Amino acid sequence: MPVEIADTADLLGLFPPGSRVDPDGELVVGGCRLADLAAEWGTPLYVLDEAAIRAQVGRFRQALGARWPNSRMVFASKAFPCTAMYRLMAEEGIGVDVAGPGELAMALAGGVDPGRIVMHGNAKTGAELRMALDAGVGLIVIDNCDDIDRLEELARAEQPVLVRVLPGVRPDTYEAVATGQLGSKFGLPVPAARAAIARLRHSGKLRLDGVHAHIGSQILSVEPYARAIEAIAGLGDFTTYNLGGGLGVRYTYGDHPPSPQDWIEALVNAARDRLPRDAQIIIEPGRSLVAPFGVTLYQVVSVKGDDPRFAAVDGGMADNMEVALYGQRFEATIASRVGGGAPFELVGRHCESGDRLISGAILRDPRPGDLVAVAVTGAYCHTMANNYNGAMRPPVVFCHDGESRLVVRRETLADLLARDVSDGAPG
Ligand SMILES: Cc1ncc(COP(=O)(O)O)c(C=O)c1O
Numbered sequence: 018m019p020v021e022i023a024d025t026a027d028l029l030g031l032f033p034p035g036s037r038v039d040p041d042g043e044l045v046v047g048g049c050r051l052a053d054l055a056a057e058w059g060t061p062l063y064v065l066d067e068a069a070i071r072a073q074v075g076r077f078r079q080a081l082g083a084r085w086p087n088s089r090m091v092f093a094s095k096a097f098p099c100t101a102m103y104r105l106m107a108e109e110g111i112g113v114d115v116a117g118p119g120e121l122a123m124a125l126a127g128g129v130d131p132g133r134i135v136m137h138g139n140a141k142t143g144a145e146l147r148m149a150l151d152a153g154v155g156l157i158v159i160d161n162c163d164d165i166d167r168l169e170e171l172a173r174a175e176q177p178v179l180v181r182v183l184p185g186v187r188p189d190t191y192e193a194v195a196t197g198q199l200g201s202k203f204g205l206p207v208p209a210a211r212a213a214i215a216r217l218r219h220s221g222k223l224r225l226d227g228v229h230a231h232i233g234s235q236i237l238s239v240e241p242y243a244r245a246i247e248a249i250a251g252l253g254d255f256t257t258y259n260l261g262g263g264l265g266v267r268y269t270y271g272d273h274p275p276s277p278q279d280w281i282e283a284l285v286n287a288a289r290d291r292l293p294r295d296a297q298i299i300i301e302p303g304r305s306l307v308a309p310f311g312v313t314l315y316q317v318v319s320v321k322g323d324d325p326r327f328a329a330v331d332g333g334m335a336d337n338m339e340v341a342l343y344g345q346r347f348e349a350t351i352a353s354r355v356g357g358g359a360p361f362e363l364v365g366r367h368c369e370s371g372d373r374l375i376s377g378a379i380l381r382d383p384r385p386g387d388l389v390a391v392a393v394t395g396a397y398c399h400t401m402a403n404n405y406n407g408a409m410r411p412p413v414v415f416c417h418d419g420e421s422r423l424v425v426r427r428e429t430l431a432d433l434l435a436r437d438v439s440d441g442a443p444g
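Under this note's numbering, the residues of the sequence shown are numbered 18 to 444, in order.
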């Protein structure tokens, strides 16, 4: 990975809009000084700019509604599942997608209208499907014929469904998050989808509304979407087409993702060419709604070495799996000395050499006790947080106009011990 030296303005461009450096040199996000947030909530800490997320949802909604009025949008909630985020999305007037009972429970707790929930999953158990049916989930996406068997058995009333189609499109992204290519575990290839559709057309309980395709995540070009839409268009005319999510975001200086407007324009242009004019279009972005508006705050614990020079922080792969899983590149700064500096290996505290948050992070004179802010961590970091080395998962704060509110508390030692029912000792 080439090291890019960027100036302070470039660096601030990776933080939520409106982020600034105070006269005393402290980085401010969502109107809150990061130093104050660390003092109040501790580190590691996920900081989200609430107004920026709301504005982004508005941008997508406006762009979609203006171009294809018979449309709706759902937040792919795996990008940031917590009750407050579900509530925020409901307040902004959009639905959510869920994959599994945990996300469904949080969505319901967050006040999401069940009719606006889309349920996904390539291994939905009977119990999960029953929960979705009982909750009145609006759309269930059929991934396989076992879903059909189970739903036929469980449904007591008509249940709208979509069929997830594998369009045979491999976008240019990390292998782990490419989902549209033949051989992917998600959905049904076109011939099998055709058979499932034929079966569903004769179902007494399941109402086939249409088809779904989601080709992957962190996709930085619009081009593969037209091919995916072409593939699903060949399956016949339906009332609903769910075109998935996947729009990539700018993690580092060399990333140039399409804007939400350009992405939606490309989807709609392909839909105009291929899909029925009166069909409903659903989009389900996740990462692009939240990633750029999140920052992870760490404290530097130790600095050592000459070549390489290491700066080790109090978090790592327990709160950011994106690096270890995909090799995603992030950028960071010392919160009180923003921008510039020299390359450091920004590493975590976990017992693996792969626990390296940023190789060649440009940091200005990191010292123990300094705060490090890693930008663009608003998607899939909180999601995949784990307890490696007994790490206690970080809290989440929403910032708005200089105020911060805790929406997920830090895990405690008591939480860690709570699930261990016995150490085998008698009595
Ligand atoms: C079915 C489905 N829809 C939407 C998304 C959202 O993707 P992204 O967060 O890249 O927008 C995902 C995530 O991979 C997904 O699995």
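Built from N, CA and C at the ideal position, the CB exists for glycine as well.
Every value quoted in this text rests on a predicted model; they were computed, and no experiment measured them.
Sequence-distant residues of the same chain with beta carbon closer than 8 Å to residue i, five excluded per side
i      : result
Asn406 : Ala335, Arg366, His367 and Cys368
Ser439 : none
Asp418 : Gly47, Gly48 and Ala68
Gln176 : Leu150, Ile157, Leu168, Lys222, Leu223 and Arg224
Phe171 : One detail in the question is off: residue 171 reads as Leu in this sequence, not Phe. Within the same chain, Leu171 has close Cβ partners Gly143, Leu146, Arg147 and Leu150.
Residue i Cβ short of 7 Å to ligand 1 heavy atom set
i      : result
Ala149 : no
Arg173 : no
Ala396 : yes
Glu192 : no
Ser234 : yes
Ser305 : yes
Asp114 : yes
His399 : no
Lys95  : yes
Glu301 : yes
Gly311 : no
Leu264 : yes
Gly261 : yes
Same chain, Cβ closer than 7 Å to residue i, neighbours up to 5 away in sequence not counted
i      : result
Thr256 : Asp226, Gly227, Ala296 and Gln297
Met18  : With a pLDDT of 44 at Met18, under the threshold of 50, the predicted position of this residue should be treated as unreliable, though the coordinate-derived value follows. Arg346, Ser376 and Gly377.
Gly358 : Ile379, Leu380, Arg381 and Asp382
Trp280 : Val239 and Leu264
Ser319 : Ala329 and Pro385
Ala243 : Ala283 and Ala287
Arg187 : Ala195, Gly197 and Gln198
Residues near residue i in its chain [Cβ-Cβ closer than 6 Å; skip 5 each side]
i      : result
Gly128 : Arg104 and Ala107
Arg37  : Val45
Ala408 : Ala335
Arg267 : Pro274
Tyr191 : Tyr343
Asp290 : none
Met136 : Val115, Ala149, Val154 and Ile157
Val391 : Thr313, Phe347 and Ala349
Ala402 : Asp336 and Arg410
DSSP bridge partner residues for residue i (one or two, in chain order)
i      : result
Asp53  : Paired residues: none, contrary to the question.
Thr313 : Tyr63 and Val391
Tyr258 : Val228 and Ile298
Asp114 : Ala93 and Val135
Gln176 : Leu223
Gly233 : Ala195
His399 : Answer by DSSP bridge pairing: none, since His399 is not bridged.
Phe77  : Answer by DSSP bridge pairing: none, since Phe77 is not bridged.
Lys321 : Phe327
Val158 : Leu179
Inter-residue Cα distance where the pair is residue i and residue j
i      : j      : result
Ala124 : Thr313 : 24 Å
Asp387 : Thr269 : 22 Å
Arg422 : Arg410 : 17 Å
Pro277 : Gln73  : 9 Å
Val180 : Asp160 : 6 Å
Pro325 : Ala245 : 44 Å
Val425 : Ala144 : 27 Å
Ala431 : Gly119 : 21 Å
Val20  : Pro309 : Residue placement at Val20 cannot be trusted, given a pLDDT of 47 that sits under 50; what the coordinates show is reported in the next sentence. Cα-Cα distance, rounded: 21 Å.
Glu43  : Leu51  : 7 Å
Phe32  : Asp24  : 13 Å
Ala56  : Asp323 : 31 Å
Gly82  : Gly75  : 10 Å
Gly204 : Gly253 : 17 Å
Pro412 : Leu260 : 33 Å
Gly311 : Val64  : 6 Å
Ala396 : Asp53  : 23 Å
Ala152 : Ala209 : 29 Å
Val207 : Ala250 : 11 Å
Asp39  : Arg354 : 11 Å
Pro131 : Gly271 : 40 Å
Pro360 : Val307 : 28 Å
Just list the alpha helix (DSSP H) runs in the region 338 to 396, keeping only unbroken ones of 4 residues or longer that don't cross its boundaries, in chain order.
Within the region 338 to 396, the runs of alpha helix (DSSP H) that reach at least 4 residues and sit entirely inside it are, in chain order, 339 to 343.
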